[in-house]
Amino acid sequence: MIIDNVIECDGALILGGGIAGLFTALKLAPMPVTVLSGARPGAAGSSAWAQGGIAAAMSPEDDWRAHAADTIAAGAGLCDPAIAELVAREAPARIADLLDYGAPFDRKSDGALALGLEAAHSRPRIVHVKGDRAGAEISAILAARAAAASSIRLLEGYHAVELAVTDGRVIGLFARTGSGAGTRLVLLRARAVILATGGLGALYAVTTNPLEARGEGLGMAARAGALIADAEFVQFHPTAMDIGRDPAPLATEALRGEGATLIDESGKRFLLAVHPDAELAPRDIVARAIHRRIASGHQVFLDCREAVGSAFAERFPTVFAACHAAGIDPATQPIPVAPAAHYHMGGIASDARCRSSLKGLWAVGECASTGLHGANRLASNSLLEGLVFGARAAQDVRGLLTSGCDRPLPPAPALAAPQPPPRLLREAMSRHAGLERDANGLTQLLDVVSRVEQAGNGDAALLNITATARLVAAAALARQESRGSHWRGDFPQTDAQGQRTVMTLAGANAIALPAQRHAL
Ligand SMILES: Cc1cc2nc3c(=O)[nH]c(=O)nc-3n(C[C@H](O)[C@H](O)[C@H](O)COP(=O)(O)OP(=O)(O)OC[C@H]3O[C@@H](n4cnc5c(N)ncnc54)[C@H](O)[C@@H]3O)c2cc1C
Numbered sequence: 001m002i003i004d005n006v007i008e009c010d011g012a013l014i015l016g017g018g019i020a021g022l023f024t025a026l027k028l029a030p031m032p033v034t035v036l037s038g039a040r041p042g043a044a045g046s047s048a049w050a051q052g053g054i055a056a057a058m059s060p061e062d063d064w065r066a067h068a069a070d071t072i073a074a075g076a077g078l079c080d081p082a083i084a085e086l087v088a089r090e091a092p093a094r095i096a097d098l099l100d101y102g103a104p105f106d107r108k109s110d111g112a113l114a115l116g117l118e119a120a121h122s123r124p125r126i127v128h129v130k131g132d133r134a135g136a137e138i139s140a141i142l143a144a145r146a147a148a149a150s151s152i153r154l155l156e157g158y159h160a161v162e163l164a165v166t167d168g169r170v171i172g173l174f175a176r177t178g179s180g181a182g183t184r185l186v187l188l189r190a191r192a193v194i195l196a197t198g199g200l201g202a203l204y205a206v207t208t209n210p211l212e213a214r215g216e217g218l219g220m221a222a223r224a225g226a227l228i229a230d231a232e233f234v235q236f237h238p239t240a241m242d243i244g245r246d247p248a249p250l251a252t253e254a255l256r257g258e259g260a261t262l263i264d265e266s267g268k269r270f271l272l273a274v275h276p277d278a279e280l281a282p283r284d285i286v287a288r289a290i291h292r293r294i295a296s297g298h299q300v301f302l303d304c305r306e307a308v309g310s311a312f313a314e315r316f317p318t319v320f321a322a323c324h325a326a327g328i329d330p331a332t333q334p335i336p337v338a339p340a341a342h343y344h345m346g347g348i349a350s351d352a353r354c355r356s357s358l359k360g361l362w363a364v365g366e367c368a369s370t371g372l373h374g375a376n377r378l379a380s381n382s383l384l385e386g387l388v389f390g391a392r393a394a395q396d397v398r399g400l401l402t403s404g405c406d407r408p409l410p411p412a413p414a415l416a417a418p419q420p421p422p423r424l425l426r427e428a429m430s431r432h433a434g435l436e437r438d439a440n441g442l443t444q445l446l447d448v449v450s451r452v453e454q455a456g457n458g459d460a461a462l463l464n465i466t467a468t469a470r471l472v473a474a475a476a477l478a479r480q481e482s483r484g485s486h487w488r489g490d491f492p493q494t495d496a497q498g499q500r501t502v503m504t505l506a507g508a509n510a511i512a513l514p515a516q517r518h519a520l
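Numbering (this note's numbering) for the sequence shown: 1 to 520.
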């Protein structure tokens, strides 16, 4: 395909209009920045859907060290302690930024911030907005500020398909705009490219993520040769509503923080026999217990009748609306739930300044992997991650943008008509790279990835998706132990020394091809 247009970005180019992309753009001001996204900034992506809130040690009874310790404990031995500490330490300042922007965090009658408790947090430290509307309200505030900022150019309706790399440096990206005969390929050129493309939940058949969360930014970076870290670690939310919708609406963890319980069809609280913290055990333990209960022929429900009861509609309006649409009154009826792909701990390997392994490329938010989450994310640490690293990326990029961008243009990518991830791939990801994995299933998944890739005739957008899926499967195959969100039925032990996975796409191919050949 030929390049129809070259857009010069004066300053930085951010791909993604979620909390990470928008916050980075605001923090870069007054430096000029272009924010590119598929849909309207602030409206698409997971950020607007976040229900629980943001974790930060904001009360006098709390301490950032306790927040860091809880983060490290949840990460099952794979967090980078220095990263967890810097995030916990900088969290209150980022909440203060949001308060300055006008975020209407819920308050107690004495005016202090109302802080909620969530699973695996040792203290109440989650700030909320209107109960379960933190993501929507904060995204709207950031989007409005970005739209009003003279330093920020917002471009929506662009589907990025490939990084533009010249002489080993990322100099921009290729994006498709328009549709059908009106499809145009555009090259956006910038001195710094910041990926803020979110997660990959929609590569799974059952997910809480919006359907554009397909790991495309990760795939683009991997295809350009970037290091990818911890790709095997995918967190499953224990309580997606099992009401036949794709994506599955979420019943926020805050409900369990309020005392809601998990029961089966006979009313039995089966988590009591699994972990001393029962419903407030770490997410992977709760999700796997529900998965096993369902796999053994039971139904599982979140029972909020006693803990929330008649206050439900007012306290959790988003969850209430989803229940109501499915004909369930959560004040009087238990909500049917099942685990769903929710958050990717892995991503583009990036350091404390958000630099990736490629020159000219930064990664922020869920698409990045800094070592904050290890093998399991602590609840409500991900919006925070977007804020903390958004500010850090802005600081780093601002200090670097001095030279012009006059390198030659790279060749244009191949494009076919846009397609959603094939159902075959999503089903295989859920079946083989879900809550329980083994070598046989992961090898079958790698085979499906190859077949889907071959059927795509080299389409760049599809190659991003298959690159991401292959990295998840290959990293899961290579990790011959069980840890955090990653459970191997054939390797149930946890090794004494845990190490993060760092891999290129070439490395994933080198794992995948022999495994597939061996299986033939
Ligand atoms: C239902 C739900 C509830 C959650 N609740 C919480 C919570 O309470 N607390 C918490 O901390 N976390 C929560 N999370 C996780 C959190 O919302 C995400 O991790 C976080 O919002 C990610 O922000 P982001 O800016 O990195 O990505 P996103 O908000 O997902 O934004 C990604 C952006 O990239 C764009 N994009 C992606 N690929 C392309 C492409 N190829 N071309 C053009 N544009 C592209 C998208 O359109 C979007 O604008 C929740 C997630 C979900 C799904």
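No residue lacks a Cβ here, since even glycine has one placed at the ideal position from N, Cα and C.
For clarity, every value in this text was computed on a predicted model and none was experimentally measured.
Contact check for Ala-224 against Leu-185 fails: the beta carbons are separated by 8 Å or more. Counting only the Cα atoms, Ile-141 lies some 7 Å from Gly-102. Around the beta carbon of Asn-457, fewer than 16 other beta carbons sit within 10 angstroms, so the residue counts as exposed. Using a Cβ-Cβ distance cut-off of 8 Å, the stretch 78–95 and the stretch 145–159 are not in contact, since fewer than three pairs of beta carbons, one from each stretch, lie closer than that value. Relative to Ala-273, the option among Leu-477, Ala-226, Ala-289 whose CA is nearest is Ala-289. Contact check for Gly-45 and Gly-16: beta-carbon distance about 7 Å, within the 8 Å limit, so the pair qualifies. Between ligand 1 and Glu-216, a heavy atom-to-CB distance of less than 7 Å is present. Here Ile-511 has Ala-474, Leu-477, Ala-478 as same chain residues with Cβ atoms under 7 Å from its own Cβ, once five neighbours each way along the sequence are excluded. Using a Cβ distance threshold of 8 Å, Gly-116 and Pro-124 count as a contacting pair. Glu-162 has Phe-174 as its beta-bridge partners, per DSSP.
With contacts defined by Cβ atoms closer than 8 Å, Gly-198 and Cys-367 form a contacting pair.
Close CB contacts of Leu-446 within its chain, under the 8 Å cut and outside five residues either way in sequence, are with Arg-470, Ala-473, Ala-474, Leu-477, Ala-512, Ala-515, Gln-516 (chain order). Here the distance from the Cβ of Cys-367 to the nearest heavy atom of ligand 1 is below 7 Å. In summary, Leu-211 is exposed, with fewer than 16 beta-carbon neighbours lying within 10 Å of its beta-carbon over all protein chains present. Relative to ligand 1, Trp-49 has its C-beta within less than 7 Å of a heavy atom.
Of the residues assessed, Gln-419 falls on the exposed side of the cut-off, its CB having fewer than 16 other CB atoms within 10 angstroms.
Every beta strand (DSSP E) stretch that sits fully inside the stretch 234–319 and reaches 3 residues is listed by chain position as 234–241, 261–264, 300–303. Taken in chain order, the whole alpha helix (DSSP H) runs of length 4 or more contained in the stretch 438–480 are 439–455, 460–478. Shown here, Ile-72 sits in a helix according to DSSP, grouped into three states. Around Asp-62, the same chain offers Arg-123, Arg-125 as residues with beta carbons nearer than 6 Å, after the five sequence neighbours per side are excluded.
Scanning its chain for C-beta atoms nearer than 7 Å, with the 5 sequence neighbours on each side dropped, one finds around His-298 the residues Asp-264, Glu-265, in chain order.
In this model, Leu-271 and Phe-301 are separated by some 12 Å (Cα to Cα). Collapsing the DSSP output to three states places Gly-201 in a helix.
Comparing alpha-carbon positions, the option among Val-449, Val-165, Ala-39 lying closest to Lys-359 turns out to be Val-165.
DSSP links Glu-156 through a beta bridge to Ser-37. Shown here for Arg-377: same chain residues with a beta carbon closer than 6 Å to its own, the five before and five after excluded, namely Gln-235, Tyr-343, Met-345 in chain order.
Contact between Leu-22 and Val-35 holds: CB atoms are separated by about 7 Å, below the 8 Å threshold.
Contact annotation: Leu-384 and Val-87 have beta-carbon atoms nearer than 8 Å.
For His-432, the uninterrupted alpha helix (DSSP H) segment begins and ends at 423–432.
Closest in alpha carbon position to Pro-317, among Ile-7, Ala-12, Gly-52, Leu-26, is Gly-52. Boundaries of the alpha helix (DSSP H) harbouring Val-397: 382–400, taken from the DSSP string. When the five nearest sequence neighbours on each side are left out, the beta carbons in the same chain lying within less than 7 Å of the beta carbon of Val-452 are those of Pro-422, Leu-424, Leu-425, Thr-466, in order along the chain. Between Pro-282 and Ala-74, the C-beta spacing is below 8 Å. For the pair Glu-258 and Ala-76, the Cα-to-Cα distance works out to about 25 Å.
Relative to Glu-306, the option among Leu-262, His-373, Leu-200 whose CA is nearest is Leu-262. Straight-line measurement puts the Cα of Ser-450 at about 48 Å from the Cα of Val-308.
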